[in-house]
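Student: Sending over a structure as structure tokens; questions will come in a sec.
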Amino acid sequence: MIVGCVFSTAPPEITVEKSWVHASEGHDVELCCTVHGDTSSEMQWFQNSFLLDPTERRTMHSVGEQYLLTIRNFQTSDFGNYSCVADNALGRTKKYIEVSGRPGPATFLSPVYSGYLDNYNLTWNVENLGEEPRVNYLIPSVSVLGLDNRLVDGISLQVLDGMRHDKVVRL
Numbered sequence: 151m152i153v154g155c156v157f158s159t160a161p162p163e164i165t166v167e168k169s170w171v172h173a174s175e176g177h178d179v180e181l182c183c184t185v186h187g188d189t190s191s192e193m194q195w196f197q198n199s200f201l202l203d204p205t206e207r208r209t210m211h212s213v214g215e216q217y218l219l220t221i222r223n224f225q226t227s228d229f230g231n232y233s234c235v236a237d238n239a240l241g242r243t244k245k246y247i248e249v250s251g252r253p254g255p256a257t258f259l260s261p262v263y264s265g266y267l268d269n270y271n272l273t274w275n276v277e278n279l280g281e282e283p284r285v286n287y288l289i290p291s292v293s294v295l296g297l298d299n300r301l302v303d304g305i306s307l308q309v310l311d312g313m314r315h316d317k318v319v320r321l
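Numbering (our numbering), first residue to last: 151 to 321.
Shown next, in the form of structure tokens:
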């Protein structure tokens, strides 16, 4: 009878909350990987394929199955691709998290169809931290085919706040 031993039955499995994280210089950033299954897995963090060690600004700790990398006072040199790697006797698993200073991808909030015959309100959110975002739109002359098959030019644009944007196409 064997007591107190943990046997690996499968390679570790990893999930990440976000595969893309927006960061801003001077702020704190926390990355999270969850290792499922095997509790005997060894977890390591990498930045741009280089193994990370704890520093004054960078700490690594775990809470249950979650492994957290916290970077305080984020700097330009901290931007890049991070990976969390879990190893056990049966294999290695890796997941990637990109940390970028660019605003995040747009998440569209508008319904698929407009409730109006003469306009469509396009609304989206963009994740952005740090200073007040600068919103610039280059809107060339736009031709829209209306419901009556007429070509109509014109777009009006409204910035509702720092992260939510509306674009209304008048038909």
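Every residue gets a Cβ at the ideal spot worked out from N, C-alpha and C, and that includes glycine. Note that the structure is predicted; figures quoted are calculated from it, not measured.
Within 10 angstroms of its Cβ, does Ile164 collect 16 or more other Cβ (buried), or is it exposed?
Tutor: Result: buried.
Student: Counting pairs of beta carbons, one from the segment 182-193 and one from the segment 229-246, are three or more of them closer than 8 Å?
Tutor: As far as the Cβ criterion goes, the segment 182-193 touches the segment 229-246, which means the pair count is three or higher.
Student: Taking the alpha-carbon positions, what's the Pro261 to Asn269 distance?
Tutor: Between Pro261 and Asn269, the C-alpha separation is close to 13 Å.
Student: Determine the direct distance from the alpha carbon of Asn271 to that of Pro162, and round the result to whole angstroms.
Tutor: Using only the alpha carbons, I get a separation of about 45 Å.
Student: Go ahead and pull the three-state DSSP assignment for Asp237.
Tutor: Note: Asp237 maps to strand in three-state DSSP.
Student: Could you check the C-alpha separation between Leu240 and Asn231 for me, to the nearest Å?
Tutor: Going by the C-alpha atoms only, they are around 26 Å apart.
Student: Compute the Euclidean distance between the alpha carbons of Arg208 and Ser190, then round it to the nearest angstrom.
Tutor: Approximately 24 Å, taken between the alpha carbons.
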